[in-house]
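To keep things clear, I will list the structure first and then write my remarks on it.
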Amino acid sequence: MVKKIGILTSGGDAPGMNDAIFGAIRTCYKLDKEIYAIYGGYKGLIDDNIVKLDKNFADTLINRGGTAIKTARLPEFKEDKVQYEAIETLKKHGIEALIVVGGDGSYMGAKKLTEKGINCIGLPGTIDNDISSTETTIGFDTALNTVVEAIDRIVDTSSSHNRCAVVEVMGNKCPDLTLFAGIATGANYILTADNNVNVDKMIEELKELKKTNPDHVLILVAEKLLDTAALAKRIMDETGFDTRETVLGHIQRGGTPTAMERVNSIRMGAYAVELLDKGIGGVCIGTKGYELIYTDIYDALNLERDKHEDFYYTHDLIK
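Next up, the structure:
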């Protein structure tokens, strides 16, 4: 039975990470365990930046975005030598197990540590929703609400001028934020790598739409798909729509976690402690409806991403 557990956040920050830490702290104290924060992700293991956490610290977390224990990327952690350095740091503090909140790269580090004798549990911390072993990742719901709120404001001003808005949404490898936000805001077009929109055809359709004098036009584009500034200029030049481009950028990462985000994240943090208490490691936690599940990390990383093809069909109905 483990007595000392570490927790770190790795990769990009995501709203809800603090709530997962909150859940882990509360459960550790409930089960009479000590919990330690590794500040700055895996780099904190190399730098020995480790602090014992208490209930008072937990009470400062629940409504805060980002991650209070900081995060960083450490590509070198894939090397065995660096992993063994991390293990020596953990042993120095008597830490027997570790909770890792992050994306797929962070998961691989957790699996490697587990294979070297330190049981680790991965929690899916990424706004992109790009981890296939869970229906919802930590950060996705809050980021989605932030995107929708921003787009609603853009639509307000677009409607006042009968403009076309081209909005770039985050989601490097997974366009779920773009897709879900497009449905929620009634976008005319949702451009992602998954639905392969023909831009030339879209331009022709916009020319016809312009004749009807629409209240506004909204086009969402997943990041890195194409040059949104060039697209906005082309739409303006070829269709006559007064067109504006907006790149939402890192505003999508921050903000107070939504209520559902808090519930999911707190439950995941608590469940991670419970699994480690049972001697389970090398797995990642996910959601299936309201149920919490866990999957071997290797299996999770090999799962095919759900492209939500039926969601695009729903969007076609409302366009």
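Read in order, the letters of the sequence shown correspond to residues 71 to 389 in this note's numbering.
Just so it is clear, CB atoms sit at the ideal spot from N, CA and C, and this is done for glycine as well.
No experiment lies behind these values; they were computed from the predicted model shown.
Member of the options whose CA lies at the smallest distance from the CA of residue i
i, options, result
"L296", "E331, V239 and T227", "V239"
"R337", "I363, R314, R323 and K348", "I363"
"M87", "D347, I350, A370 and R323", "R323"
"I157", "Y360, G352, Y99 and L183", "L183"
"E293", "I77, E315, G356 and E185", "E315"
"Y360", "K280, T207 and I253", "T207"
"V171", "A107, K122, D124 and L123", "A107"
"G209", "V353, D89, R375 and A340", "D89"
"D376", "N265, E155, K100 and K181", "N265"
"A370", "E146, M178, S80 and R143", "M178"
"T196", "K100, H378, G252 and P327", "P327"
"K100", "A128, M306 and S80", "A128"
Residue interval of the beta strand (DSSP E) (run including residue i)
i, result
"Y364", "E361 to D366"
"E436", "Residue 436 lies beyond the residue range present for the chain, which begins at 71 and ends at 389; the question has no answer from this structure."
"T79", "K74 to T79"
"T137", "Where T137 is concerned, there is no enclosing beta strand (DSSP E), given that its DSSP letter is neither H nor E."
"Y154", "No beta strand (DSSP E) holds Y154; the alpha helix (DSSP H) holding it covers D150 to K162."
"K122", "I120 to K122"
"Y106", "E104 to I108"
"E238", "C234 to V239"
"N189", "N189 to P194"
"I260", "Y259 to L261"
CB-CB length for residue i against residue j, believed under 8 Å
i, j, result
"V343", "I139", "In fact, because the Cβ distance is near 16 Å, the residues do not count as touching under 8 Å."
"A220", "I188", "41 Å between Cβ atoms; not a contact."
"G310", "K280", "5 Å"
"S176", "T365", "At roughly 15 Å, the Cβ-Cβ gap does not stay under 8 Å, so S176 and T365 are not in contact."
"T357", "N334", "6 Å"
"R223", "I273", "With 8 Å as the limit, R223 and I273 do not qualify as a contact, their Cβ atoms being about 26 Å apart."
"L160", "L115", "7 Å"
"N283", "N232", "7 Å"
Contact check, residue i vs residue j, beta carbons under 8 Å
i, j, result
"G325", "T255", "no"
"G351", "I191", "yes"
"I132", "D174", "no"
"Y109", "N119", "yes"
"T141", "D83", "yes"
"H163", "V225", "no"
"P245", "A257", "no"
"P85", "G135", "yes"
"L249", "F381", "yes"
"I321", "T216", "yes"
"V72", "D347", "yes"
"C234", "T313", "yes"
"K243", "D198", "yes"
"T97", "A302", "no"
"K181", "I367", "yes"
"I169", "I260", "no"
Start-to-end residues for the alpha helix (DSSP H) that takes in residue i
i, result
"G93", "M87 to K100"
"A128", "K125 to A128"
"A213", "F210 to H231"
"I289", "Taken as a continuous stretch (DSSP letters only), I289 belongs to no alpha helix (DSSP H), being part of the beta strand (DSSP E) at V287 to A292."
"E329", "The sequence given here has Ala at residue 329, not Glu. That run of the alpha helix (DSSP H) goes A329 to D347."
"T357", "Where T357 is concerned, there is no enclosing alpha helix (DSSP H), although the beta strand (DSSP E) it sits in stretches over V353 to K358."
"V269", "V269 to K280"
"E185", "D174 to E185"
"A254", "D246 to T255"
"G114", "Y112 to D117"
"I305", "T298 to T309"
Cβ-heavy atom distance, residue i to the ligand SAH, below 7 Å
i, result
"S229", "Only the bare structure without any ligand can be found here, which leaves the ligand SAH out of the picture."
Below-8 Å beta-carbon distance, residue i vs any chain C residue
i, result
"K122", "Checking the listed chains, one finds no chain C in this structure; it contains a single protein chain."
Touch test, the segment 139 to 159 against the segment 92 to 102, Cβ-Cβ under 8 Å, three pairs minimum: Pairwise C-beta distances place the segment 139 to 159 out of contact with the segment 92 to 102, as fewer than three of them are shorter than 8 Å.
Any 3 or more C-beta pairs closer than 8 Å across the segment 283 to 293 and the segment 235 to 254: yes
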